[in-house]
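Here is the structure we will look at, set down as structure tokens.
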Amino acid sequence: MNETKASFTAISTACKRAYHSLHDNPKIFDDYLACRLIPDDMRVRMEHHLTDKEVDEIEHAGSYSNQTIPTGSLVKATIVLSRSRYTEDKIEEAAKQGVKQYVILGAGLDTFAFRQPILMKQLEVFEIDHPVTQEFKLHRLAELGWKHPKLHFVPIDFTKENLVVGLTRSSAYDRNAKSIFSWLGVTAYLTREEIFATLTSITKIAPVGSAVVFDYMDSNAFIPGKSSPEMQKKLEFLRKIGEPMRTGFNPSTLAEDLANLGFRLKENLSPPEIERRYFQGRTDGYHAQRYEYIAYATVE
Ligand SMILES: C[S@@+](CC[C@H](N)C(=O)[O-])C[C@H]1O[C@@H](n2cnc3c(N)ncnc32)[C@H](O)[C@@H]1O
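Per the working numbering, residue 1079 is the first one in the sequence shown, and the count goes up by one each step.
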């Protein structure tokens, strides 16, 4: 990603959650705090009912004004909602089983710690993110006066620092405590080696029974001829803004890939399954996204 600018995609995914929370019903995932965290100009526009095209224009504004944004349903990029909903359901289950640590990898503008007071009684939460994006978020949190004694921030660039080394810098992290990790909207931006290195780190820094939820792209999304024209446009746009998507996985061999790293793949939700769980019967245009999967795996 761009080394000098907070992640654009972290801000745009928060915009999608904010928009959904403000305007859609029933809610798939109600991130009612997302709106407060996004930059003021975006918040003002989110509070008005915007069409997809208008949202494209917002995302076209400000520091991104010289980029071209593909038209289309940016605001209805529903993997953002389904993956967060799925993850927080898993965290609730994990907390019931006594898990005490939640590590959010590539947290972006995640608001879990401020939105989930009951779960926060039990959990220590660690937000890991690229240093530049985390700095942007810390600045915004300071402006809002939001802090939480059980929320810890650990800047790590996954391309430069190993998660074991990075997380060990936090004195609050207990490597012997069963933990749950989420890694949402990040794997596609890393190389296969970087993804495997971070997953391997989880097995080294969290005991057996710990778990990870992550979403990933079907590798077909990157293969010309197998990828849709919309996906090609999205990939091109992300390349232009300096946050290129690089890596996907073959859903049918993911279990084997993860087993080699020390995980057991427990769930591997395909777009039809995501559609059935979260979008079935909706009439507002929200649907599961082609090529986007959600995986849940445990440390063996
Ligand atoms: C699409 S955003 C997702 C943010 C958040 N998880 C969500 O679902 O809204 C991608 C996130 O990955 C982080 N990221 C991308 N490359 C990274 C890297 N090399 N090291 C650490 N974080 C990275 C970005 O800073 C950003 O927060």
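The C-beta atom is built at its ideal place from N, Cα and C for all residues, glycine as well.
It should be emphasised that the depicted structure is a prediction, and the values quoted were computed from it without experimental measurement.
Next on the checklist: When you measure from the CB of F1236 to every non-hydrogen atom of ligand 1, does any distance come out below 7 Å?
Outcome noted: Yes; taking the cut-off as 7 Å, the Cβ of F1236 has a heavy atom of ligand 1 nearer than that.
Next on the checklist: For E1170 and A1250, what's the separation of their Cα atoms in angstroms?
Outcome noted: E1170 and A1250: Cα-Cα distance of roughly 21 Å.
Next on the checklist: Closest to T1276 by C-alpha separation, out of N1328, K1174, L1241, would be which residue?
Outcome noted: A check of alpha carbon separations from T1276 across N1328, K1174, L1241 identifies L1241 as the nearest.
Checklist entry - On the three-state DSSP scale, how would you describe E1417? => result Here the chain comprises residues numbered 1079 to 1378, so residue 1417 is not present and cannot be evaluated.
Checklist entry - Which partner residues of A1289 appear in the DSSP bridge assignment? => result Beta-bridge annotation (DSSP): A1289 is paired with I1258, T1376.
Checklist entry - Does the beta-carbon distance from E1202 to K1178 come in below 8 Å? => result Yes.
Checklist entry - Exposed or buried, H1217, counting other C-beta atoms within 10 Å across all chains shown (16 or more means buried)? => result Around the beta carbon of H1217, a 10 Å sphere encloses fewer than 16 other beta carbons of the protein chains shown; the residue is thus reported as exposed.
Checklist entry - Mind checking I1301: buried by the 16 CB within 10 Å criterion, or exposed? => result Classification for I1301: exposed.
Checklist entry - Is A1088 near L1187, with beta carbons less than 8 Å apart? => result Between A1088 and L1187, the gap from beta carbon to beta carbon is short of 8 Å.
Checklist entry - Where does F1341 fall in DSSP's three states? => result In this structure, F1341 counts as strand in the three-state DSSP scheme.
Checklist entry - CB of D1188 to nearest heavy atom of ligand 1: below 7 Å? => result Proximity of the beta carbon of D1188 to ligand 1 is indicated: a heavy atom of the ligand is located closer than 7 Å.
Next on the checklist: Using a Cβ-Cβ cutoff of less than 7 Å, which residues in the same chain neighbour T1156 once the five nearest sequence positions on both sides are dropped?
Outcome noted: Cβ neighbours of T1156 beyond the five flanking positions: F1357, Y1364, H1365, A1366, Q1367.
Item to check | For Y1110, the three-state DSSP class (helix, strand or coil) | outcome: Correct three-state label for Y1110: coil.
Item to check | Cα-Cα separation between I1136 and A1112, rounded to whole angstroms | outcome: Because I1136 sits at a pLDDT of 47, beneath the cut-off of 50, its placement in the model cannot be relied upon, and the point is left open.
Checklist entry - Does DSSP put V1177 in a helix, in a strand, or in coil? => result In the three-state reduction of the DSSP assignment, V1177 falls in the coil class, being assigned neither a helical nor a strand state.
Checklist entry - If you check the beta carbons only, do I1372 and Y1164 fall under 8 Å apart? => result A contact, by the Cβ cut-off of 8 Å.
Item to check | Residues near D1362 by beta carbon distance below 8 Å, same chain, minus five either side | outcome: For D1362, where only same-chain residues beyond five positions count, the Cβ hits under 8 Å are D1102.
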